[in-house]
Each structure stands twice: as C-alpha cells, then as structure tokens.
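What follows is a short report on a single structure.
Numbering (my numbering), first residue to last: 1239 to 1903.
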C-alpha cells in the first residue's frame, strides 16, 4: 500500500463506496475493545497497570467517603488481580432504567454508569468519569464480582465485557460487606504482558499514604514474591504524606530541619456537599534534584495541573512577602521555579467534580483547584516562615542563590541574543517579531502557522518576553530530505536563524536565544501534522535543544462552550463531551468551534494559549527508556522517513500507544 508524506490518501472515491451500510454503530463495550487507547491510553505496560488503578480507585472512593476502612489487593499466578473493600457494596437490585438487569450488571457492562455523576453518593471521587470498572471488564478475558450487601452474598461473572451468567445469590454472609473484583486482562488486547509485582506493590503503598484512615493489605503468590516485594504486607500511615516524605528523605540533610507539612479543609460553599481538602508535605534537601508527586482524589496526576499551580503560587508569594518583611528586596524577582526546583514536593487534593486532561487522569484541569489550594496553603506557609525566622531566612537564602544563578544564565543568553540581533552577519528573519528581553520572565519564541495566526499572536503576546515567528504551512520533512534540500529551504533557514544555536554537530544549546521554543498550531489534523514536522526538525537538527527540555507544544482550544454567563474552552471532542456531562450538565450549551488560531481574538488566544498563568504546555522530551538515540532515530525514520510502508505498519500496530510528558509552565 502506498501512502503520501501526509499519511493520508485523499484520492476521491465513488459514492458507491460510501453509503448507509458503511456506517458502523458500536454498542455496549465494543468501542472499548476496538479502541482501548481512547480509554486507557493504549495497550502497553502502563495501560495494563492502569486497569488495576481503575478498580483500586473505586475502592479508595469508598474509603474517602467514610464507608470503607480496609482494602486488599492480591496478585496471583495467571496474571490475576483481586481488589476488595469492606464498603457498602455495589447495589444489586434491578436498575429502574434497565428492567430485568441488576444494577451491578449495568455498571459492569455500560459506559458512563456509576454513582459519581450527581455527587449524591460521593462528595469527592477519583473514578469520576464512570467508565473505570466497565472498561476493565471489557478488556478482561474473565471478570468476577462478588458483593456482600445487606448480609447477603451475590456474584456474577463476565468475559470480554459480556455476562457469562445471571447474578447469583450465594446465601447469607453476616460478617462480610463490600465489593470484590477479580479480573484477568485479555491477551487478545495486551498480548503476553504481565503485571509487575513491584509496580503494584508501590501502587498499594502510595494509596495508603494518601488517606490516613485506610488500611491497605497487600498479598501476592509466593512464586511472585521477591526481596523487594513480600508475599504479604499491611500499610497504614496515620501521618499521611508527612510519613511518606520522611521515608523518602531518609537521612538526607535539608535546608530546614522541619519540612513544611499540613492539611486544610476547603471553605464550605453553603451546600450540603463537602468542598474537599488539601494535604501537603514539602522539604528542600541539599544537593538534590528534587521530586514531585501530585494527586487528586487519591489518583496520581504525574503531569501536575491546576492544583500544582496553586501550590507554586502560594510558595512563591509567601517567600516574596517574607523577603519584603526581612529587607531582602531582591526577593521580589523570585519565580516559582526558583522555589520548586530541588524540592521534594507531595500534594494531595480532594475536590468535587474534578476535570482531568484525559481518561488516564494524568493532569488535573479543574480551574477552581488553583485558587482553593493557594488560599488554603498560603497562611500555613507564612506561619512556617515567620514562626522561626532562622528557618525562614535559611530557606529564602537558598532559594535566592538559585534565583541569582538563573538570572546570571539569563543575562549571558541575553547578551548572546542581542549580539545576534545587532550583528549584520547574523541577520534575523524578517518575519520574526522579537521580544525586548527586558521582562522578569523567561523569553519564549512561539512558532505559529500562517500570517493570520501570527497577527493574532503578536497582539496577544507579552512584548517583553514573547517573540513570534510565523511559518508558511507544512515545512519540509527533514527526515526524508537531503542535506542540500534542507539547507536550501527558506522556512528552515528562518528557524535556524531565529534559534541562533546552530544545527547538528554545531548545535550549542547555550547559544539558544530563547528559554522556551513553543510550537503553536491549530487544534486540528493539519495543525498536528505541522507540529509533527517541526518536532522532527528539532529532533534531527537540534537534538540537544530537545534533550535539555527547551521544546514545548501549546494547547489551543478547539471549542468554546457557553451557557449563560459561564464559558469554558475544550481542547478536543472528548474534552467537550466531558464538560457537557459535568460543568454544563442539564444546561443548554452554545458550542462554537475555532477553525484556527487566526479566528481567535487576541484576548482569547492569550487567555487560553499564551498567558503563563492560565495556559498549559506539553514539554517534548525523550522518554527515559528511549535515551539510546539510535532507538529514537529508528522510530523517527519509521514515522517520518521516505518509506510509507514503515509508517503504515507502525500506525496499524501502535495506534493509541503513544505517551507524552506534560507539564504546567
């Protein structure tokens, strides 16, 4: 099969090839089995373990809601996992919307069913999307659910999302309550991948830290135990995250003798439902690269999000205010990175109706979380600094040393940038609208597609720190072009001039004229293709720029949803549906679709995509397992090289398995 460089075959077909019979309607859980990547992010090892997290999250929700005190996770031979709790148990009565079916069967076989949409059954929950256990069921060759409820025991079994028999009533069980879910992942979906005991053991342990009131019991078959993974263990940590941080820090020396730890309920909004709470534990070890752990409703959010923004704001504003109090005037120039880099940070929030970046919940996007966390933690941090002035001054001094180093590096880059601007032999492209570099923030270059988008971006930018470089359409695919053709291409020549750091063996990231290079394309297929071509350019021509974390993707919205005076932006169709089912549920929503960045007015573009305080960025990096450059080069050649067969085979075999590290910038 031949495929164009665009990866799409646009050859017209006759109308006879496309009629009513061509339209498929997938029912029940069939969409999950057909496209598992849409629900669990792929079929790789990470997705396999996400199945356990989905079931465990449901059990944790029972504990957080106050209905369960004990959870057990067991790994047996045959890739079989069992998660049980002593909570209320899944309802087993006939569901009013589905006569003849038990509620348990509806929950296990129907997407978007569960007790977490209205908020009546759970004030805060991690399994908010309501697809977790049904997706696990769909992707398992065997699933068995036992429910002990009202002193009776019930059970039902399923295979590949379909019930293999009716709900059974097994008789009285006066001393048992709760739900037990046992499942075996389907080899048709996951191949021969196996659960890793150490990974599940760490997952169970981390959940116990996140909710001090729960006891989590771990068990695994003797044949799966090892020096790192015992056959049995019990986790219960009364100190919560503070215990976790103490274990992680160990004997390392820190800037402050006591870490910054605490918990705070969010203020009541007048309704009967809890607004939630926040718990944190932070230390600043000496000579450490630091680490961060973010959670929402006990669900790990490795890419951070709005709760992270709130904590960063509280710490930064707190240290600036302390600096003013103690006469350290330079403290006003502190940034969040100065405070956070090198710190060991753990943050856990419990909020109502959380919004996540995707079904895998890697990033929290609930806008209210930022202000809730900031307000709840700021006073505590102010007291942490002021109650012991020596402690506060020690931390401020260490953070200001990092600030001085950052400003020194920035000044060196700025000298190089201005030298490049003024030197005739290093002329800059005429299309580049440069920044002055005189602001407090780090400098950024936005690469945008087309003059129309470039015009909006120029009006939306911060002139001191943000530069704009429009490019014309799809740039040359450098992975399939000769060196002479690359050098002769005007668009690539403009990119190289604007970067100022050279290419290939002459690439020196120290000469890069901007702190961040941000690819900002339309939120559609063409925009994604342009972004892919640009990422390929940077990987091949400026690999060290990528490796050092200077390259980012902007996240412009595709839709604007409005109901009354409330407006929200959606990144894609899935995010739009999520907002309609949560924020705008039951409301008449006006949906506007942006055809491109050029159609957004400057205020909208700034608010959603360019302003550091409200935007989201995706950092483009090389995953740890692909640090061997030869492996990555082979992958890029497959996707972007001259042979379309390689591209087609890769897409067929790996659709849905791609993963990107996301950060808040």
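C-beta atoms are modelled at their ideal positions from N, C-alpha and C, and glycine is treated no differently.
Distance between residue j and residue i (C-alpha atoms, nearest Å)
i	j	result
residue 1526	residue 1270	43 Å
residue 1771	residue 1642	37 Å
residue 1691	residue 1842	12 Å
residue 1613	residue 1473	32 Å
residue 1516	residue 1553	15 Å
residue 1594	residue 1535	12 Å
residue 1262	residue 1606	Here the model assigns residue 1262 a pLDDT of 45, short of 50, so the residue's position is not dependable, and the following value carries that caveat. One C-alpha to the other measures close to 39 Å.
residue 1530	residue 1550	12 Å
residue 1822	residue 1374	28 Å
residue 1410	residue 1388	9 Å
residue 1827	residue 1277	25 Å
residue 1547	residue 1621	20 Å
residue 1803	residue 1615	30 Å
residue 1668	residue 1505	53 Å
residue 1857	residue 1724	25 Å
residue 1688	residue 1696	12 Å
residue 1566	residue 1850	26 Å
residue 1291	residue 1674	48 Å
residue 1813	residue 1830	14 Å
residue 1332	residue 1349	18 Å
Same chain, Cβ closer than 8 Å to residue i, five either side skipped, listed in chain order
i	result
residue 1729	1709, 1710, 1713, 1714
residue 1783	1737, 1739, 1745, 1747, 1750, 1755, 1776, 1789
residue 1577	1550, 1553, 1554, 1557, 1637
residue 1570	1558, 1561, 1562
residue 1645	1571
residue 1437	1287
residue 1407	1390, 1391, 1392
Nonlocal neighbours in the same chain, by C-beta distance under 6 Å from residue i, ignoring five residues either side
i	result
residue 1670	1707, 1736
residue 1588	1362, 1514, 1515, 1535
residue 1281	1274, 1427, 1428
residue 1647	none
residue 1294	1321
residue 1308	1324, 1453
residue 1610	1504
residue 1661	Note that residue 1661 scores a pLDDT of 45, beneath 50, so its modelled location is shaky; the value from the coordinates is reported in the next line. Nothing listed; no residue qualifies.
Residue burial classification, residue i (beta-carbon count within 10 angstroms, cutoff 16)
i	result
residue 1839	exposed
residue 1604	buried
residue 1495	exposed
residue 1816	buried
residue 1485	exposed
residue 1399	buried
residue 1630	buried
residue 1442	buried
residue 1298	buried
residue 1337	exposed
residue 1731	exposed
residue 1811	exposed
Whether residue i touches residue j by CB criterion (8 Å)
i	j	result
residue 1681	residue 1608	no
residue 1469	residue 1460	yes
residue 1619	residue 1542	no
residue 1750	residue 1738	yes
residue 1487	residue 1274	no
residue 1463	residue 1522	no
residue 1796	residue 1809	yes
residue 1848	residue 1699	yes
residue 1372	residue 1347	yes
residue 1306	residue 1324	yes
residue 1672	residue 1705	yes
residue 1774	residue 1734	no
residue 1801	residue 1825	yes
Residues near residue i by beta carbon distance below 7 Å, same chain, minus five either side
i	result
residue 1632	1493, 1494
residue 1539	1532, 1533, 1599, 1600, 1601, 1602
residue 1422	1316, 1317, 1318, 1378, 1379, 1380
residue 1769	1757, 1759, 1791
residue 1742	1779
residue 1330	1340, 1341, 1342, 1385, 1387, 1392, 1405
residue 1579	1528, 1640
residue 1327	1385, 1386, 1387, 1415, 1416, 1417
Residue i CB to nearest heavy atom of the ligand ATP below 7 Å
i	result
residue 1520	With respect to small molecules bound, the structure shown includes none, and the ligand ATP cannot be examined in it.
Chain D contact for residue i (CB, 8 Å cutoff)
i	result
residue 1563	No chain D is present in this structure, which holds just one protein chain.
Exercise. Would you call the segment 1286–1305 and the segment 1380–1388 touching, i.e. three or more CB-CB distances under 8 Å?
Worked result: no
Problem set entry | contact_flag[the segment 1555–1565, the segment 1500–1507] where n(CB pairs < 8 Å) is 3 or more | no
Exercise. Looking at C-beta atoms only, is the number of pairs between the segment 1314–1333 and the segment 1425–1438 that lie closer than 8 Å three or more?
Worked result: yes
Exercise. Is the segment 1782–1793 in contact with the segment 1755–1769, if contact means three or more CB pairs nearer than 8 Å?
Worked result: yes
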